[in-house]
Every structure is written in structure tokens, then in C-alpha cells.
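Enquirer: Under the numbering used here, the first residue of the sequence shown is numbered 2, with each subsequent residue one higher. A virtual CB, placed ideally from N, CA and C, is assigned to each residue, including glycine.
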Amino acid sequence: MEEEPVKPLEQEGSSLAEQASWLQPAKPFKAEFRRKLMVAGDGAVGKSTLLIVFLTDKFPEVWVPSVFENYAADVEVDGKCVELALWDHTGLEDYDRLRPLSYPDTHVVLICFAIDSPDSLDNVQEKWISEVRHFCGNTPIVLVGLKKELCEDRKTLEELAKTSQRPVSREEGEAVAQKIGAAKYLEASALTREGVMEVFETATRLALIPPKKKQSRFRKLFG
Numbered sequence: 002m003e004e005e006p007v008k009p010l011e012q013e014g015s016s017l018a019e020q021a022s023w024l025q026p027a028k029p030f031k032a033e034f035r036r037k038l039m040v041a042g043d044g045a046v047g048k049s050t051l052l053i054v055f056l057t058d059k060f061p062e063v064w065v066p067s068v069f070e071n072y073a074a075d076v077e078v079d080g081k082c083v084e085l086a087l088w089d090h091t092g093l094e095d096y097d098r099l100r101p102l103s104y105p106d107t108h109v110v111l112i113c114f115a116i117d118s119p120d121s122l123d124n125v126q127e128k129w130i131s132e133v134r135h136f137c138g139n140t141p142i143v144l145v146g147l148k149k150e151l152c153e154d155r156k157t158l159e160e161l162a163k164t165s166q167r168p169v170s171r172e173e174g175e176a177v178a179q180k181i182g183a184a185k186y187l188e189a190s191a192l193t194r195e196g197v198m199e200v201f202e203t204a205t206r207l208a209l210i211p212p213k214k215k216q217s218r219f220r221k222l223f224g
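Following this line, the structure appears as C-alpha cells:
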């Protein structure tokens, strides 16, 4: 099937996208593909900050809670020019009824949790994977552990120890990724920039993989 021509975004990206000049290739950019990336996960795990750092290469000094935001970035991976629509939404329960409106036509999902919050990883299994699968079917998922810089932070370790907890290890993250059927598990730190580009490059590659065609019942029985 031929790729649909790129259409302009119905809504212009935020001013953050306009600051994303560091993402743009040196040569003139002409998008060959348009893809939509959705970010899901608990509130305050660092989803919006991850997007802001990806778009601007700057860590925000002030945290502003998001409700529904969408940005756009031009990304080049493996020689392919992609216009990537980035959809960020709040993980707050107050917006549970509105959030499904943002899922249609998604090509890849980042389910995020905070490495310094084991509870947010529990919610990946108890809430987010079922919601994403319900609204997005077999859309590729990347499980992302955020705030990687806190995994060995002494203050964080002391605070978690008060409730007999500890930061989420890579092994624990990978185990959950396998359990929920994620295509990849990655860790990133928006503060230090470590892993940020890898998250979006990986997600863009997954978004470009053509979806598997459903096999007809007739073919299953008689093929």
C-alpha cells in the first residue's frame, strides 16, 4: 500500500516545536512520512519534561502540569524524513474520561514510569497497559524508565527506604516490558539528556513498521 501524502497538522505545534531547530537536518527537510507518538503514564513521572528536552534540548526550570498538549518535530532516522506528532496528556484520574480522545491514529506509544517511583511501574501493569491495548490494539509500545539520574541518588534511596522500597532496577523494568509485550525497554534522564534521543529514534523506527495485516478466518481454516 502506498504511503499517504503528508498533510499539515490540523493544529500547529506549540512554540516548543518552533525551538527545536537542533533536531532539524542540515539539508532541506521534506517529510516522507507522518507519524503520531502518544506518551502515557502516571502524572509527575517526567513525561512532559522528556518531550520538552527532546524538542528544545533544555531542561525546564519550572514544571507545568499538562492536560492535553501536542507538538510536532521533524526527525530523520535511517535516511527517512518523518514528521512526528508528539501527543502528551495528563495521567491524573480526573481526566480518565477525556484521555481516550487522544489515542486514535497513534502509531507508537511510550508508556513511562519514574525509576524513583516503584508505584508508577506497578501502575504500568495495573492501569496503563490495559488502557493502551484497549484503545490502540497492537500498536508498538516502548516502556521508558525516566529520572534515571535518581537510581543511585542518596536522598532518593533514603526516602524510598522509609517505606521499604528502592529505585526500579533495569532488570525489573525489562521484566515488566516483556510481561506487557513492549517492543523495547529504555531508560532516560531528561536532566542529563542521557538516553533521550535513543527513546525517540527507537519510537520513530517502530512507528514506521507497517502494521501486520489481519489474517482472514477463511485463510486460517483453509490456507
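Per DSSP, which one or two residues make a beta bridge with Cys113?
Expert: Beta-bridge pairing links Cys113 to Gly42, Val145.
Enquirer: Return the Cβ separation of Val125 and Leu144 in integer angstroms, given the expectation that the two are a contact with Cβ distance under 8 Å.
Expert: Correct: roughly 7 Å between the Cβ atoms.
Enquirer: Would you tell me roughly how many angstroms separate the C-alpha atoms of Pro211 and His108, rounded to the nearest one?
Expert: Looking at the two C-alpha atoms, the distance is approximately 9 Å.
Enquirer: Between Lys37 and Lys59, what straight-line distance do the alpha-carbon atoms span, to the nearest angstrom?
Expert: The straight-line gap from Cα to Cα measures roughly 23 Å.
Enquirer: Given this structure, state the Cα-to-Cα distance separating Ala183 from Cys137, to the nearest angstrom.
Expert: Their Cα atoms are separated by approximately 13 Å.
Enquirer: I'd like the ranges of any beta strand (DSSP E) spanning at least 3 consecutive residues and lying wholly in the stretch 71-95.
Expert: Segments of the beta strand (DSSP E) lying fully in the stretch 71-95: 81-90.
Enquirer: Less than 8 Å separating the beta-carbons of Glu188 and Gly146?
Expert: Against a cut-off of 8 Å, the Cβ pair of Gly146 and Glu188 comes out as a contact.
Enquirer: Quick check: what's the CA-CA separation for Pro168 versus Lys128?
Expert: Going from the Cα of Pro168 to the Cα of Lys128 covers about 20 Å.
Enquirer: Report the residue ranges of all alpha helix (DSSP H) runs contained in full by the stretch 161-218; include only those spanning at least 4 residues, in chain order.
Expert: If we require 4 residues or more, the alpha helix (DSSP H) runs fully inside the stretch 161-218 come out as 171-181, 197-209.
Enquirer: Pick helix, strand or coil for Phe60, following the three-state DSSP scheme.
Expert: In this structure, Phe60 counts as coil in the three-state DSSP scheme.
Enquirer: Mapping DSSP to helix, strand and coil, what is Arg98?
Expert: Reduced to three states, the DSSP call for Arg98 is coil.
Enquirer: Taking just the CA atoms, how far does Ala73 sit from Leu85?
Expert: Their Cα atoms are separated by approximately 6 Å.
Enquirer: Less than 8 Å separating the beta-carbons of Ser49 and Asp97?
Expert: For Ser49 and Asp97, no; Cβs fall outside 8 Å.
Enquirer: Please list the terminal residues of the continuous alpha helix (DSSP H) segment that includes Asp123.
Expert: First-last of the alpha helix (DSSP H) with Asp123: 119-124.
Enquirer: List the whole-angstrom C-beta distance separating Leu209 from Phe34, where the pair is believed to meet the contact cut-off of C-beta under 8 Å.
Expert: About 6 Å; that satisfies the 8 Å criterion.
Enquirer: Name the residue from Glu70, Gly47, Leu122 whose alpha carbon lies nearest to the alpha carbon of Ala178.
Expert: Per the Cα distances, Leu122.
Enquirer: Lys227 by DSSP, collapsed to three states: which one?
Expert: Nothing about residue 227 can be read from this structure; the chain reaches only from 2 to 224.
Enquirer: My output table needs one value for Glu153: the three-state DSSP class, helix, strand or coil.
Expert: Residue state, collapsed to three classes: coil.
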